[in-house]
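Read through the structure below, which is laid out as C-alpha cells, and then see the notes.
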Amino acid sequence: MKDRLETFGVSREQIRTIVAEGLKGGNWCDLYFEQTVYNDLLLRDGVVASGGFHLDYGCGIRVLNGEKTGYAYSESTDFTSLMDAARAARSIAGRSSAFGRGNAVAAPSRPYSEQLAWSDADKKQLSKWLEQLETAVRRREPRTQKVIAMLSWSESDIVMYNSLDELSSDSRPLGSVSMTVIFCQGNQTEQRSVSRSLRCGREMLCQSLIEELASDAADGLDDSFAARRPRGGQMSVVMAAGASGILLHEAMGHAFEADFNRKGQSIFCDKMGQRICKRGINIIDDATVPGNRGSLQYDDEGVPGQKTYMVEDGILTSYLHDRISAAFYGVEPTGNGRRESFRYNPIPRMRTTYMESGSDGTLQDLIASVRKGVYVDKFANGEVRIGEGDFTFYVNRGYLIENGRLTQPVKDINIIGNGPQALADIVAVASDLKIDDGTWTCGKEQSVAVSCGIPSVLIKNLTVGGE
Amino acid sequence: MITKEEIQLARECIDFARMEGASAARITLTKSIENLVATLNGEVDKVTRCADRSMSIALFVDGRYGAFSINKLDRTTLKDFIHRAAATVRMLTPDEFRSLPDPARYCTSARTGLEMGLYDVNWETVEPADRTRMALNAAATGRVKDARLVSEEGEYSDSEYDVYLIDSQGLECRHSETSFDYGVEVTIEDESGNKYSDYWWTASPRLADFDPSDCGLTAVKRASGQFGAEPAPSGRYNMVIGAEVSSRLVTPMLNALNANSIQQGNSFLVGSEGKQLFAKGFSLLDEPWREGETGSKLFDSEGVCTVQAPIVKEGVVQHYFVNSYMAAKTGMAPTTDDASRPRLPGWPRDGLDRNSLMKMCGNGILVTDFNGGNCNMTTGDFSYGISGQLFENGKPVRPVHGMLMTGNFLKLWKSFLASGTDFRPCATKLIPSLAFSNVDFSG
C-alpha cells in the first residue's frame, strides 16, 4: 500500500490531514486517487497505421453531509492542491446521518489477473495479431469488403481512503477488441460489429479469440442478407442466451439501483419484498466473475466487490447500493458505488448483471412452444425510462417463429415493452445461462464498464416494430 | 483561461517533438473550469467544482502517425511523454496519406479566442450564492398545482472552456467560450399512481441571456401531458416532430456524410454528392460564423477554416465532410472534419411552428420524445421508440407512447413536407419542428 500512495506523491499523514479538512463540512470524506494509462491500436484498410496512448491522473475528493454531496478534484496530487480541493468539496451543507464501514465481505480476492502484463507488450506483435484477425475474417467470408478493428487496453491504479481510516487499493486491467466488418453482396451491404472485453492481461489475444471473433462476424451472413422487417405488432419473443442480458440491465437493473428508489423515481421503489416475477427466477449483479469486464475487487468507494442477489425466487430482495443509499436504507453497501474516473462522484451502478439458469428446458424447447413470435439473436442497444419502466431495444438479428420453427430472418427492428410487465411476463427460462463478454458500457450520467448475461427466455406480449 | 506559460509550454512541445525526429506535430491544449449545483426536490443536493487541463499531441514520425494525450503538464513529464510517444509511432505501419493540412486552408483569424463573441467576462463574477439561487429558482418544487411531483432533479452549471491549437507548420488558433446551463428531470404521478417522467433544459453562452426559471414547470407540463398515454393503432401517419427532438433525424444524415464512413462503405449516403436524393424543400446549411451564437467556431479540429455553406440544397447533397487524411486517401477535395453549426431553414416559408405544421398536416402523430432506437448506417433503415400526441384536424387529441417509428432515412427525407423556424437557439444543431407524410408507426 505504501508504494501505491507513493505513486501519487502523498503520505498517509497527509491524506489524514486532507480528510480532516473535508470533514469540516460534513460527516464523511473520501479520496480517490487514479492513474490510468489507456492505449489503442487501429487496423484500417489492412494495416495498423494509427495508435497511441493517453495518461489520465488525479484525485477526487468527496464530502458527504447526509445524502448531500460536495465534490472537487485535482489533476495535481501535491498536498497544497489536494487541500484546496478538500476546501471546495466541503462547501456542501445539509443534515447528517451516520455512514457505516460497509465491509460486508472481508478481504476480497482479486477477480482478475494479468498473466502477461500489457505494459510489457510489443506493439508490433499486437499489430500483427490485429492483422491476423482481418485475415481470418476474409478467409472465412469472401464477401468481406472492409474491416476496422481496434485493440485497446488500459491499466488503472486506484488508491482509496476515507474518514473511517480505511485505505484500499486496486489495480484494474482491461483489454478490449472491437471489430466492424462491412460485407457486400451485389448491391447489398451488411455491417457486423463484434467485440470482446476482459479484465486480464494480453494472454487474451490468442488464436482461439481470433477464430471466435471471425466466426461471430461472418457466420449466418446469408440469413442477414435475406433478412427483412416483419409486420409489427404484439407477439411472444424468445431471447437468445448471452447478450440479451442487456434487457435485464436496461429494463430491470437500472430500476433496481438504489438512488432511483431513494428518490422515489423507480417503478420498483415500493416493491421491496414483493413478488415481481415467476418463482425460480434469480437476478444477480456480480463483481466477482473472474476476468469479467464488470468485475471489481473493490468498488470506487472502497467497498469490497461482491455478488448481490436482487431477485430471489421471483421476490425483490435488494437494491444496488452505494454508501449514501445504504445509509439511507440502513443496510450494508453492496459494492455498487462506481464512477467513470476521479472526475466524478460515485453513484449506484451495475457490474455484471445476469439471470441464473432456469429449469424450463432448452432454447429449442422455448422456440417450439411459440406459435407466432420473434426469436432475437443479437441486440444492439437499449434504453429505458426509469419512472415509467418503458424500454426499447434494437434488434440486429433474429428470426420469425411460426408454429414452433424459425422461419424468415429479420433485422433492424425494435422491441418495446415495460420493465416490470416484461419481467412478470417471462413464462419460461432455459438452462443455458451465458454471460456476454462484449464491450458493454453503461452511460448513466457517466460511462462505466459493465457486462450482462441471461439464459434463453420466453416473454409473452412484447411489441415488435415493423413495416 | 490558458496562460502565457501554458502556451509557451505547448510551443516547447512542438520543439520536443522535432527533437525526437518528428517531421510534423500538432498540439491541442484544452482547459476548462465548471461549477455545478444540483438540486433534489427543491434543495441543494450536490455542489462540485471541476478544473481540467489536457494536452493532445498528434505526431508524424518517419511516415507514421500516432495520437496521444496527457493531463500532467509539467515540462519534465511532457518531454518524457513525447519521447515515448515518438518511439510508439515508430512501431506502427507507415501511412503515406497522413500529414498536416495544407497551410493555405488554416484559420488565421482566431488569435485571441474571443472572436466569436462566445466568452462572457461576467462568468468570473458569478458567486456560489448566485449559483444556488439560480438552481433553486428554476425548480418546480413548490410551484406545481395539478400533479403530484414525486421527484425533481435539477442541475445548474456554468463553465469556461478554452482551446489552443498549434502545429509545426505555423498554425496558431484559439477558441474560448463560456456556457450557462440548466437541465431538469421530473417524475410525477397521476391520480392512479402511474408515474410519468420528462425533462427540459436551456443554455446560453451569456449570463444576461440565460433564463432557466421556467424549466422545472416546463418539464412538469411535458410529463403531465402524457397522463393516460397509450399506443395509437399501428399504421401510416403524417408526422410532426417537435424542435426539441428533431435533430435526432438529422444527426444520422450528418454522420453518413462523413468521409470516414463513406470511405469504409459504412454510409447510406455513399455516392450521394451532387444527387437529388431528397425532397426539394429540404435544405441544410452550415453556419458556423454567427458571432455570439451557440456552436459558432472559426476552425475545426485540424485548425482548418470552417465554411459557411449549404450541406444539402433543395434536396441535393452538396458535399461530404472530408478531413485532410480522408482527402489524401480518397482523392476527394478536403472540406472540414464535421458540420459545425447546422441549420435547417423554414420551408415552404418562414414563421411556421409545430402548431402550424399540425394544421398543415391535419391528422397525424406529433413526436415530442424518443425512447431508444437505432439506425443501420449502411442502409439507412431506422426504428425509434417514440412518445407524443395523436392530432386530428390540426389539434392534439390524446397522448401516445409505447410506439415505434420505423423507416429508411432516404425515404423519410423524400417524404419531407415542411419545416418551421422554431428551432431552439440554445442547441448546437438548429433544427426546427419538421413535418413528414406516410411514416410507419406501430404500437
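Top line first, the protein sequences correspond to chains A and B. According to my numbering, the stretch in the first sequence is residues 1 to 467, in order. According to my numbering, the stretch in the second sequence is residues 1001 to 1443, in order. Glycine included, every Cβ here is placed at the ideal spot set by N, Cα and C. Bear in mind the structure is a predicted one, so any value in this text is a computation, not a measurement.
Beta carbon proximity, A:Glu190 to chain B, threshold 8 Å: With respect to chain B, the C-beta atom of A:Glu190 has a partner C-beta closer than 8 Å.
Local conformation of A:Gln234 per DSSP, three classes: In the three-state scheme derived from DSSP, where H, G and I count as helix and E and B as strand, A:Gln234 is classed as strand.
Nearest neighbour of A:Ser357, chosen from A:Ala258, A:Ile284, A:Leu209 [CA to CA]: Of the listed residues, the one whose Cα sits closest to A:Ser357 is A:Ile284.
Per-residue DSSP class, three states only, for B:Cys1013: In the three-state reduction of the DSSP assignment, B:Cys1013 falls in the helix class.
Interfacial residues, the stretch 361-395 of chain A to chain B, with Cβ spacing under 9 Å: If the cut-off is 9 Å between Cβ atoms, the stretch 361-395 of chain A has Ala380, Asn381, Gly382, Glu383, Val384, Arg385, Ile386, Gly387, Glu388, Gly389, Asp390, Phe391, Thr392, Phe393, Tyr394, Val395 near chain B.
Residue-level contact to chain A via CB, B:Gly1364, 8 Å cutoff: It does not: the Cβ of B:Gly1364 has no partner Cβ on chain A nearer than 8 Å.
Residue from B:Phe1097, B:Thr1077, B:Glu1020 whose Cα sits closest to the Cα of A:Ser50: Relative to A:Ser50, the option among B:Phe1097, B:Thr1077, B:Glu1020 whose CA is nearest is B:Phe1097.
For A:Leu130, three-class secondary structure by DSSP: Three-state result, A:Leu130: helix.
Alpha carbon of A:Ser168 to alpha carbon of A:Asp30, nearest angstrom: Taking the straight line from one Cα to the other gives about 11 Å.
Of the residues B:Glu1034, B:Ile1070, B:Ile1027, the one placed nearest A:Val37, counting alpha carbons only: For the options B:Glu1034, B:Ile1070, B:Ile1027, the alpha carbon positioned closest to that of A:Val37 is the one of B:Ile1070.
Beta-carbon proximity list for B:Ser1109, same chain, < 7 Å, skipping 5 on both sides: Excluding its 5 nearest sequence neighbours in each direction, B:Ser1109 has C-beta neighbours in its own chain below 7 Å: Glu1115, Leu1298, listed in chain order.
Start-end ranges of the alpha helix (DSSP H) lying completely within the stretch 335-398 of chain A, minimum 4 residues: Here the runs fully enclosed are 363-368.
Contact belief for A:Ile386 with A:His254 at Cβ below 8 Å, rounded distance in angstroms: Right, the Cβ-Cβ distance comes to about 6 Å (below 8 Å), so this counts as a contact.
Terminal residues of the beta strand (DSSP E) in which B:Val1089 lies: B:Val1089 -> not in any beta strand (DSSP E); alpha helix (DSSP H) instead, spanning 1075-1089.
Sequence-distant residues of its chain with Cβ nearer than 7 Å to A:Ser96 (five each side left out): Confidence in A:Ser96 is poor, its pLDDT being 48 and thus under 50, which makes the residue's placement unreliable; the coordinate value appears in the next sentence. Excluding its 5 nearest sequence neighbours in each direction, A:Ser96 has C-beta neighbours in its own chain below 7 Å: Asn27, Asn65, Gly66, listed in chain order.
Length of the line joining the Cα atoms of B:Glu1160 and B:Tyr1182: One C-alpha to the other measures close to 15 Å.
Short Cβ contact (8 Å threshold) for A:Ala217 with A:Val303: Not a contact, by the Cβ cut-off of 8 Å.
First and last residue of the uninterrupted alpha helix (DSSP H) at B:Tyr1325: DSSP places B:Tyr1325 inside the alpha helix (DSSP H), whose first and last residues are 1324-1330.
Extent of the continuous beta strand (DSSP E) run through A:Ser456: It is not in any beta strand (DSSP E) - A:Ser456 carries neither H nor E in the DSSP assignment.
Backbone secondary structure at A:Ser96 - three-state DSSP: Residue confidence is low: A:Ser96 scores 48 on pLDDT, short of 50, so the model does not pin down where it sits. Its coordinate-derived value is still stated next. Residue state, collapsed to three classes: coil.
Contact check, B:Ser1023 vs B:Phe1081, beta carbons under 8 Å: Not a contact, by the Cβ cut-off of 8 Å.
Interface residues of the stretch 142-173 of chain A facing chain B [CB-CB below 8 Å]: Those would be Gln145, Lys146, Ile148, in chain order.
Whole-Å CB distance - A:Arg199 paired with A:Leu221, under 8 Å assumed: So it is not a contact: roughly 31 Å between Cβ atoms.
B:Ala1129, buried or exposed, once every other Cβ within 10 Å from all chains shown has been counted against 16: Classification of B:Ala1129: exposed, given that the 10 Å Cβ count is below 16.
Selected residue, minimal CA-CA separation from A:Arg371, among A:Thr189, A:Ser266, A:Leu406: Of the residues A:Thr189, A:Ser266, A:Leu406, the one whose Cα lies closest to the Cα of A:Arg371 is A:Leu406.
Backbone secondary structure at B:Glu1096 - three-state DSSP: Coil.
Rounded C-alpha distance that separates B:Ile1311 from B:Glu1273: Here the alpha carbon of B:Ile1311 sits roughly 10 Å from the alpha carbon of B:Glu1273.
Which residues DSSP lists as bridging A:Leu151, in chain order: In DSSP, A:Leu151 forms a bridge with A:Leu41, A:Val177.
Beta-carbon contacts of A:Asn468 that lie in its chain and below 6 Å, excluding the five residues immediately before and after: This structure gives no information on residue 468 of chain A, because the portion of chain A shown stretches from 1 to 467.
Under 8 Å between C-beta atoms of B:Pro1342 and B:Ala1418: Between B:Pro1342 and B:Ala1418, the C-beta gap is not smaller than 8 Å, which leaves the two residues out of contact.
Three-pair Cβ contact test at 8 Å for the stretch 1377-1393 of chain B versus the stretch 1262-1270 of chain B: Touching, per the Cβ criterion.
Continuous beta strand (DSSP E) stretch holding A:Ala76: start and end: The displayed chain sequence assigns Ser, not Ala, to residue 76 of chain A. Neither: A:Ser76 is in no beta strand (DSSP E) and is coded neither H nor E.
Straight-line Cα distance separating B:Ser1179 from B:Phe1423: Whole-angstrom Cα-Cα distance: 19 Å.
Per-residue burial, A:Lys146 [other beta carbons within 10 Å of its own, 16 or more giving buried]: Result: buried.
B:Leu1285 to B:Asp1337 span [Cα, whole Å]: One C-alpha to the other measures close to 15 Å.
Proximal chain B residues relative to A:Thr69, where beta-carbon distance stays under 9 Å: Using a Cβ-Cβ cut-off of 9 Å, A:Thr69 is close to Ala1038, Asp1045, Lys1046, Val1047, Thr1048 of chain B, given in chain order.
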